[in-house]
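J.:
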Amino acid sequence: MRLFAALVPPPEALAHLEAFVEPRREAAAAAGLRLADPSGRHVTLAFYGEVDAGPRGSADERAESLADAVADAAARRRPPCLSLAGGGAFPDPAAAQVLWAGLAGAPDDLAELGRLATGCRHAAARAGTRVEGRAFRPHLTLARRRHPGHVDDWVRLLDGYAGPSWSPDVVTLLASVPTGHGRRYEPVADAPLG
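Sequential numbering from 0 applies to the sequence shown in numbering that gives the first Met the number 0.
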């Protein structure tokens, strides 16, 4: 099973973002952007990839070990005060495949978010698995493109977005489950923040 640790913004923050995105849905489609399902929006802290049976046990046992390690990492961190704000594109706005909303907060809150992500990444080693992907860059995926393209106008539009403040109380270990038209995310475990 494909697992990752994430923060799921509260319904109010997600509704505020959706109210900003919804009027632009047709324009996004015309620009080749496939908007992400609002019900699956999250901020990935660490992506672990496939966690299968191995020398350390069955897939379920390894997922449980990872959940315990993530819980330990989360318990050591205080909840940062964050908001969804601004945006960007991966790998860059001139050849984008992913359009995202950023996260904002006071410098100490963003530093705490970074420490939380680092703890979740280190949890993989304690659980005998690995972390996939690049260094942590806090974001919430809004849309994807099948082929790289310019999204400069969309990034400028997102620069004007600022959502309400929120503080997460848990890190959620999520499973990425394939469906006929993409993936859905199912919670495996919640890890309360200290």
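Ideal Cβ placement from N, Cα and C applies to all residues, glycine included. As the structure is a computational prediction, the values presented were derived from the model and not from experiment.
Which runs of the beta strand (DSSP E) fall wholly inside the segment 112-155 and span at least 3 residues, in chain order?
T.: 138-148
J.: Can you name the start and end residues of the alpha helix (DSSP H) that R61 belongs to?
T.: 58-74
J.: Looking at L115 and V42, is the spacing between their C-beta atoms short of 8 Å?
T.: Result no, Cβ atoms of V42 and L115 do not sit closer than 8 Å.
J.: Determine which residues share a DSSP beta bridge with S175 and list them.
T.: R1, Y184
J.: By the 10 Å Cβ neighbour count, where 16 or more other Cβ atoms means buried, how is T128 classified, buried or exposed?
T.: Classification for T128: buried.
J.: Apart from the five residues just before and just after A70, which ones in its own chain have a Cβ nearer than 6 Å to its Cβ?
T.: A190
J.: Looking at the secondary structure, which residues open and close the beta strand (DSSP E) in which L83 lies?
T.: That run of the beta strand (DSSP E) goes 81-89.
J.: Check whether chain B comes within 8 Å of P186, counting only Cβ atoms and requiring the distance to be less than that.
T.: Structure shown: chain B not included; a single protein chain is present.
J.: Given that a residue counts as buried once 16 or more other Cβ atoms are within 10 Å of its Cβ, and exposed if not, what is P8?
T.: buried
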